[in-house]
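S.K.:
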Amino acid sequence: MRARAGPFEYSMNARPDSAAPAELPQFGHILDVRSPSEFALDHVPGALNVPVLDDLERARVGTVYVHDSPFAARKLGAALVAGNIARHVETRFRHHDRHWKPLVYCWRGGQRSGALTTVLRAIGWDARQLEGGYRAWRRQVVADLEAWPARFEIRVLCGLTGTGKSRLLRALAQYGEQVLDLESLAAHRGSILGDLPGEPQPSQKRFESRLWDWLRRLDASRPVYAESESPRVGAVRVPEAVVQRLRASACLRLEAPMALRVALLRREYNHYLDQPHLLEPRLRVLAVQHGHGRVRAWLDLAAHGQWDALVADLLERHYDPAYLRSIGRHFAAWDRALPVPVTADTDESWSALARALAAAALPAAA
1066 MRARAGPFEY SMNARPDSAA PAELPQFGHI LDVRSPSEFA LDHVPGALNV PVLDDLERAR
1126 VGTVYVHDSP FAARKLGAAL VAGNIARHVE TRFRHHDRHW KPLVYCWRGG QRSGALTTVL
1186 RAIGWDARQL EGGYRAWRRQ VVADLEAWPA RFEIRVLCGL TGTGKSRLLR ALAQYGEQVL
1246 DLESLAAHRG SILGDLPGEP QPSQKRFESR LWDWLRRLDA SRPVYAESES PRVGAVRVPE
1306 AVVQRLRASA CLRLEAPMAL RVALLRREYN HYLDQPHLLE PRLRVLAVQH GHGRVRAWLD
1366 LAAHGQWDAL VADLLERHYD PAYLRSIGRH FAAWDRALPV PVTADTDESW SALARALAAA
1426 ALPAAA
C-alpha cells in the first residue's frame, strides 16, 4: 500500500494561488525575490527584497547555461534557490504567525517567485504569486498613470524661479492639503542647478513607481497642489498625461521682489556656496545660450563670493526669460492666474499663505 504523501510533497505538486496586479492593496507584505540590482532599478512600492538568487549567483547560473547546458544550469540554480529560501525561512520569516499572507513576485511570475511561493504555502502560509510578475505590474503602472491624472482637480503653483513654489508646497502639505511634489519624487529641483547633494535621481521606472504610489493615495474629491513643472525633472520624464493635466489646470501666480528671491535661492542652494567648484560644470552648459564670456563673468562672481550679484544676474538673464517663454506657451490659465504676493521667507509666513490659499477661490481652468 502506497504511503500517503505529506503536506510538503502535496503542495509541491499543486499550483500556488495567484493574485492580479490590481489586488496589490490587499497585501500587507510584498516579497520581491529578484536580485538586489533588479530591485534597485525598480520595484513594487513597499516591497521587501528577499532574493532567491543574488547578482553573483545569477551570473554564475547564466555562465553554466552558456558554457555547459541548460540542464546543468537548472540543477545549479535549484540548489542555490533552495539554500537561499531555507535561509530566509529560518531568519527573515521565522517571526510570522500562521496568518501571514505575503504576495511574492519575480520578473515574469515564473520559477523564482513560484519556488518561494510553493515553499511558503507548504509551511502553511497563504502566500500568493503575482500573476505575470514585475512585468505585469509595470504594465499596470503605465496604464494607471495614463488614466488617473484626469481624476484630480489640480491647482498649479506658478511663478518665476525663486518665488518659493517648493517652499509653499511643503507648507501646504504641513497644513494638511494634498500635494503632488514631482521634484521630491524625482530627487531634483528641476533646473540645471537642481541636483540634490548626496541624493541621486531614481531610474525612470522607479520615478514612475513613486508617482503611481503617490497618486493612488490621493483623494480625488479634494484639490491637489502641484508646481508648474517641465516635462523633464532633471534626467527623468514626467508622464504625458500628468504634464497635460497640469497644463490644463488653474494657476496660482507667486510674486516676490528680487531681493527676497535671491535670499530664498541662496538658502535653497546653499550647498553651492559651501562647494563653489560644483557650479563650474553646470554653468558652462549655458555657454551655448549666453556665450563663454558671460559664463566666465558668472564664474568670476562665484570665485569672489559675490553670491547675491550672481543669483540676480542668472535670474534676469537666464531663468526669468526662459520661464516666461515656457509658461506662456504651455499653461493656458497663466493669464488668469490668481496673484499670490510672497513678502517673507519664514515658517510663519508660509503657514499663513498656505491657510489663505486653502480657502481661496481660483479662476476657472481652461
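With the working numbering as the guide, the letters of the sequence shown map in order to residues 1066 to 1431. Where is the CB? At the ideal position from N, CA and C, for every residue including glycine.
The alpha helix (DSSP H) spanning Y1388 covers which residue range?
M.R.: By one-based count along the sequence shown, residue 1388 stands at place 323. It spans D1385 to H1395 - the alpha helix (DSSP H) in which Y1388 sits, taken as one unbroken run.
S.K.: Name the DSSP beta bridge partners of L1168, please?
M.R.: Residue 1168 sits at position 103 when you count from the first residue of the sequence shown. Beta-bridge pairing links L1168 to I1095 and R1193.
S.K.: Taking P1109 as part of the alpha helix (DSSP H), name the residues at either end of that continuous run.
M.R.: Position 44 of the sequence shown, counted from the first residue, corresponds to residue 1109. It is worth fixing the name first, because residue 1109 is Val in this sequence and not Pro. Premise fails: V1109 is in no alpha helix (DSSP H) and is neither H nor E.
S.K.: Output yes or no for whether 9 angstroms exceeds the beta carbon distance between V1169 and L1185.
M.R.: The residue labelled residue 1169 in the question sits at position 104 within the sequence shown. The residue labelled residue 1185 in the question sits at position 120 within the sequence shown. Cβ atoms of V1169 and L1185: closer than 9 angstroms.
S.K.: Using C-beta distances below 6 angstroms, list every residue in its chain close to E1211, excluding the 5 sequence neighbours before and after it, in chain order.
M.R.: Working through the sequence shown from its first residue, we reach residue 1211 at position 146. Taken in chain order, the residues that qualify are A1306.
S.K.: Ordered along the chain, which non-local residues of its own chain (more than five positions away) have a Cβ less than 8 angstroms from that of F1073?
M.R.: Here the question's residue 1073 lines up with position 8 in the sequence shown. Bear in mind that a pLDDT of 32 at F1073, under 50, signals an unreliable position, so the model cannot answer this.
S.K.: I want to know whether the segment 1287 to 1302 touches the segment 1251 to 1258 - three or more CB-CB distances under 8 angstroms.
M.R.: Counting Cβ pairs under 8 angstroms, three or more are found: they touch.
S.K.: Flag this pair as touching only if the segment 1319 to 1326 and the segment 1337 to 1355 have three or more C-beta atom pairs under 8 angstroms; answer yes or no.
M.R.: no
S.K.: Can the beta-carbon of D1410 be found less than 9 angstroms from the beta-carbon of R1310?
M.R.: Counting from one through the sequence shown, the residue named residue 1410 turns up at place 345. Counting from one through the sequence shown, the residue named residue 1310 turns up at place 245. Not closer than 9 angstroms, so no.
S.K.: Using the C-alpha atoms, what's the distance from H1094 back to R1163?
M.R.: Along the sequence shown, read from residue 1 onward, the residue named residue 1163 stands at position 98. Along the sequence shown, read from residue 1 onward, the residue named residue 1094 stands at position 29. Roughly 14 angstroms separates the two Cα atoms.
S.K.: Given that a residue counts as buried once 16 or more other Cβ atoms are within 10 Å of its Cβ, and exposed if not, what is D1412?
M.R.: Taking the first residue of the sequence shown as 1, we reach residue 1412 at position 347. Result: exposed.
S.K.: Given a cut-off of 9 angstroms, decide if A1402 and A1315 are closer than it, judged by their beta-carbon atoms.
M.R.: Indexing the sequence shown from 1 puts residue 1315 at position 250. Indexing the sequence shown from 1 puts residue 1402 at position 337. A contact, by the Cβ cut-off of 9 angstroms.
S.K.: Tell me the DSSP secondary structure of S1083 in three-state form.
M.R.: Stepping through the sequence shown from its first residue, residue 1083 is reached at position 18. Note: S1083 maps to strand in three-state DSSP.
S.K.: Mark Q1243 as exposed unless 16 or more other C-beta atoms lie within 10 angstroms of its C-beta, in which case mark it buried.
M.R.: Here residue 1243 is taken as the residue at index 178 of the sequence shown, counted from 1. So Q1243 counts as buried.
S.K.: Rounded C-beta distance between G1229 and V1407? I'm assuming under 8 angstroms.
M.R.: Counted from its first residue, the sequence shown places residue 1229 at position 164. Counted from its first residue, the sequence shown places residue 1407 at position 342. Contact flag correct, Cβ pair sits at about 5 angstroms.
S.K.: How long is the line joining the alpha carbons of L1351 and R1361, rounded to whole angstroms?
M.R.: In the sequence shown, residue 1351 corresponds to position 286, counting from 1. In the sequence shown, residue 1361 corresponds to position 296, counting from 1. Taking the straight line joining both Cα atoms gives about 11 angstroms.
S.K.: My understanding is that R1193 touches A1084, with C-beta atoms under 8 angstroms, so please give their C-beta distance in whole angstroms.
M.R.: The count along the sequence shown starts at 1 and reaches residue 1193 at position 128. The count along the sequence shown starts at 1 and reaches residue 1084 at position 19. Their Cβ separation, rounded to whole angstroms, is 4 angstroms, which keeps R1193 and A1084 in contact under 8 angstroms.
S.K.: Just to confirm the assignment, what range does the beta strand (DSSP E) spanning L1245 have?
M.R.: Locating residue 1245 in the sequence shown gives position 180, where the first residue counts as 1. Its beta strand (DSSP E) spans residues Q1243 to L1245.
S.K.: Would you call the CB atoms of E1292 and V1221 closer than 9 angstroms?
M.R.: Residue numbering aside, residue 1292 sits at position 227 when the sequence shown is read from its first letter. Residue numbering aside, residue 1221 sits at position 156 when the sequence shown is read from its first letter. The answer is yes: Cβ separation under 9 angstroms.
S.K.: Quick one: residues in its chain with C-beta nearer than 6 angstroms to the C-beta of S1414, no 5 flanking neighbours on either side, listed in chain order?
M.R.: In the sequence shown, the residue the question calls residue 1414 occupies position 349. Here the set comprises nothing.
S.K.: Considering only the beta carbon of each residue, do L1237 and A1423 sit closer than 9 angstroms?
M.R.: Here residue 1237 refers to the residue found at position 172 when the sequence shown is read from its first residue. Here residue 1423 refers to the residue found at position 358 when the sequence shown is read from its first residue. Going by C-beta atoms, L1237 is nearer than 9 angstroms to A1423.
S.K.: Measuring alpha carbon to alpha carbon, tell me which of T1226, Q1269, P1267 and R1271 ends up nearest L1258.
M.R.: Position 193 of the sequence shown holds residue 1258. Out of T1226, Q1269, P1267 and R1271, T1226 has the C-alpha closest to the C-alpha of L1258.
S.K.: Where do the ends of the beta strand (DSSP E) carrying V1146 lie?
M.R.: In the sequence shown, the residue the question calls residue 1146 occupies position 81. Run containing V1146: none in the beta strand (DSSP E); it sits in the alpha helix (DSSP H), P1135 to E1155.
S.K.: Which runs of the beta strand (DSSP E) at least 3 residues long sit entirely within the segment 1329 to 1416? Give them in chain order.
M.R.: 1403 to 1406
S.K.: State the Cα-Cα distance for the pair R1282 and S1100, rounded to the nearest angstrom.
M.R.: By one-based count along the sequence shown, residue 1282 stands at place 217. By one-based count along the sequence shown, residue 1100 stands at place 35. Computed Cα separation, rounded: 28 angstroms.
S.K.: So, does the segment 1144 to 1163 touch the segment 1117 to 1131, judging by three or more C-beta pairs under 8 angstroms?
M.R.: yes
S.K.: Take L1113 as the anchor and find which of F1217, A1201, R1157 and R1125 has the nearest alpha-carbon.
M.R.: As a working note, residue 1113 is residue 48 in the sequence shown. L1113 has its Cα closest to that of R1157, out of F1217, A1201, R1157 and R1125.
S.K.: Short of 6 angstroms in beta carbon distance, which residues of its chain neighbour M1066, apart from the five on each side in sequence? Order them along the chain.
M.R.: Here residue 1066 is taken as the residue at index 1 of the sequence shown, counted from 1. The pLDDT assigned to M1066 is 37, lower than 50, so where the model puts this residue is not dependable; a value taken from the coordinates is nonetheless given after this. Nothing meets the Cβ criterion.
S.K.: Can you tell me the Cβ-Cβ gap for P1110 and D1278, rounded? I've got them flagged as a contact below 8 angstroms.
M.R.: The sequence position of residue 1110 within the sequence shown is 45, counting from 1. The sequence position of residue 1278 within the sequence shown is 213, counting from 1. Sure, about 4 angstroms apart at Cβ, within 8 angstroms.
S.K.: Nearest to P1386 by CA position, among E1264, R1347 and G1224, is which residue?
M.R.: Position 321 of the sequence shown, counted from the first residue, corresponds to residue 1386. That would be G1224, whose Cα lies nearest to the Cα of P1386.
S.K.: Short of 6 angstroms in beta carbon distance, which residues of its chain neighbour R1312, apart from the five on each side in sequence? Order them along the chain.
M.R.: Taking the sequence shown and counting its residues from 1, one reaches residue 1312 at position 247. Only H1395 and F1396 meet the Cβ criterion.
S.K.: Report the option in H1357, E1264, P1288 and D1246 whose CA atom is closest to the CA atom of R1303.
M.R.: By 1-based counting over the sequence shown, the position of residue 1303 is 238. In the sequence as presented, Arg is not what sits at residue 1303; that position holds Val. With distances taken between Cα atoms, V1303 lies closest to D1246.
S.K.: By the three-class DSSP mapping on this structure, what secondary structure does R1282 have?
M.R.: The count along the sequence shown starts at 1 and reaches residue 1282 at position 217. The three-state secondary structure of R1282, taken from DSSP, is coil.
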